[in-house]
Ligand code: URP
Ligand code: ZN
Ligand code: ZN
Ligand code: ZN
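In this note's numbering, the protein residues as written are 228 to 738.
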């Protein structure tokens, strides 16, 4: 144990099997099917110093210091990357119950090895927000990156955005079009923000709901005497998500900058994205696990503790939306899967026991995402194993410009790897999960496919139900600006400018 002083969570007090030492650990994964987004192949994977050194068939076992893992009959895949989480977030008068440690334990047990969390500015100040999130992440047990929310606008914010991109490795900013009175931005701010994002090569993200109309809808429900969790869904119907999605898409088109729509929960929003994509616009749609597999009937459950678990925004929709979102994911209209992991326990949810407006918004999913997407999409034949890797890992790494260091099992990639046994089954619930929450929106859910091994930058952190986690071992991953999605924007701007001086040609192009 002497060599693992910091490993409070070592399975056997830091025995020889402990991979927590990280650097120097050598692992050979033999006999599995290695899946990358571009292909699946029978191959072995050799890892040294936290990095993938070789991927090819029949790598010979070297010396005794190499840990050999038999992956026969199993899938060896890049660890999941969750593009959307809220760990230790102050929100709606409380703080999410999972922090950067418990959230990471849950993630690693579920086969996710990196996530991107949203820094919330402090009184609109980005630098203070980043400082606060750095502290929150001090006990990180896996790699993470940051998006940053923009909640107010002035010259100082614009300057800070530049500093965030150029000095702090942040390449995406989120604008909340809902949460009136707290996080919500105006169209004016959104336009300024889109413009600034474009100039910095940073991706603009939106929470797309019409916040003014939501406030109105909430008042209507209260006036009708509907104060329970069902009032949450009734007060902010899909049309308000569709409207804001369409508006954000059009404003992004006007500025000519790429747009990322987070937590696409409805057919209404998805159709707006589909339409924009058909017209050639660069729009990315992110469904989340809850939206892909749940429906809103839970919100009518007479037990408040059960019903309130499902309160998130935009709301989980009535049956039908989830199937359409799954289809959109299989056909590429939606591109990558997040969770919006934002957990509150039943005591916190009870803040809204007599008024749905006070129920902290958010559901779990960080631990469940990889299993649920495998079971509901791959096991059912809706997507291929390569597409599974794409939507759970590779696409995120590409969009946020950290591929192929992340999101792939290639020579030189970080050794963030999972081994999934397609024959084993799982049952989910609060009694077995690793989140600190005492509830789980997937309580009792059963399915096929089990992540038996998780390797985080070369460390065996999860093996057959045993965790071996080193708090503080997670690294901050800097994400550079001008990812692939910006490639060509300058050319299309130049073509547009040229067209302004040639009205006749412009007319021809349109005809
Ligand atoms: O209900 C949700 N989604 N809570 C987290 C904050 C957000 O809007 O992403
Ligand atoms: Zn150790
Ligand atoms: Zn949101
Ligand atoms: Zn969120």
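Ideal Cβ placement from N, Cα and C applies to all residues, glycine included.
query: DSSP three-state call for residue 380: helix, strand or coil?
result: The answer is coil: DSSP assigns residue 380 none of H, G, I, E or B.
task: Thinking residue 681 and residue 338 are a contact (beta carbons under 8 Å), I'd like their distance in whole angstroms, please.
output: Confirmed, Cβ separation roughly 6 Å.
query: Looking at residue 569 and ligand 4, is the gap between the Cβ and the nearest heavy atom below 7 Å?
result: Yes - ligand 4 has a heavy atom lying nearer than 7 Å to the Cβ of residue 569.
field: Simplified DSSP state of residue 285, which is helix, strand or coil
entry: coil
message: Mapping the DSSP letters down to three states, classify residue 673 as helix, strand or coil.
response: strand
message: Tell me whether residue 342, by its Cβ, gets closer than 7 Å to a heavy atom of ligand 6.
response: Absence of ligand 6 from the depicted structure is noted, with ligand 1, ligand 2, ligand 3 and ligand 4 being the only ligands included.
field: Whole-number beta carbon distance between residue 252 and residue 685, since they are thought to touch under 8 Å
entry: Contact flag correct, Cβ pair sits at about 5 Å.
- request: Below 6 Å CB to CB, which residues in the same chain sit around residue 374 once its five sequence neighbours on both sides are set aside?
  value: 343, 345, 399, 401
query: So does residue 572 have its beta carbon nearer than 7 Å to some heavy atom of ligand 1?
result: Distances taken from the Cβ of residue 572 to the heavy atoms of ligand 1 include none shorter than 7 Å.
- request: Look up residue 434 in the DSSP assignment and give the residues it is bridged to.
  value: 403
message: Relative to the C-alpha of residue 322, which candidate in 310, 255, 574 has its C-alpha closest?
response: 574
message: Taking DSSP's pairing of strands, which residues face residue 375 in a bridge?
response: 346, 400
query: For residue 700, which option in 714, 683, 707, 690 has the closest C-alpha, if you only look at C-alpha atoms?
result: 683
field: For residue 694, three-class secondary structure by DSSP
entry: In this structure, residue 694 counts as strand in the three-state DSSP scheme.
- prompt: Going by C-alpha distance, which of 281, 551, 455 is nearest residue 492?
  reply: 551
query: Going by the C-beta, is residue 588 closer than 7 Å to any heavy atom of ligand 1?
result: yes
- prompt: Among all the DSSP beta bridges, which residues are the ones paired with residue 304?
  reply: 645
- prompt: Given a threshold of 16 other Cβ atoms within 10 Å of its Cβ, counted over all protein chains shown, does residue 394 qualify as buried or as exposed?
  reply: It counts as exposed.
query: Measuring from the CB of residue 489, is there a heavy atom of ligand 4 at a distance below 7 Å?
result: yes
Distance between beta carbons of residue 309 and residue 596, contact taken as under 8 Å: With a contact defined as Cβ atoms closer than 8 Å, residue 596 and residue 309 qualify at about 6 Å.
task: Between the Cα of residue 449 and those of 471, 497, 585, spot the shortest distance and give me the residue it belongs to.
output: 585
message: Is the beta carbon of residue 636 closer than 8 Å to that of residue 303?
response: yes
message: Please give the ranges of any alpha helix (DSSP H) in the segment 308 to 371, keeping only runs that are unbroken, at least 4 residues long and fully inside the region.
response: 329 to 336, 353 to 363
task: From the DSSP output, in three-state form, read off residue 257 for me.
output: Correct three-state label for residue 257: strand.
message: Tell me which residue opens and which closes the beta strand (DSSP E) that residue 297 is part of.
response: 293 to 297
field: Pairwise C-alpha distance: residue 608 and residue 412
entry: 41 Å
Beta-carbon proximity list for residue 711, same chain, < 7 Å, skipping 5 on both sides: Here the set comprises 625.
query: What residue does the alpha helix (DSSP H) around residue 612 start on, and which one ends it?
result: In this chain, the alpha helix (DSSP H) harbouring residue 612 covers 612 to 616.
Alpha-carbon to alpha-carbon, residue 588 and residue 319: 8 Å
task: Please list, in chain order, all residues of the same chain as residue 427 whose beta carbon is under 7 Å from its beta carbon, the five residues on each side excluded.
output: 388, 389, 392, 708
query: Going by C-alpha distance, which of 407, 280, 693, 423 is nearest residue 382?
result: 423
For residue 290, the nearest candidate out of 324, 255, 301, 278 (CA to CA): 255
- request: Tell me whether residue 723 is buried or exposed, calling it buried when 16 or more other Cβ atoms sit within 10 Å of its Cβ.
  value: With fewer than 16 neighbouring CB atoms inside 10 Å of its own CB, residue 723 falls in the exposed class.
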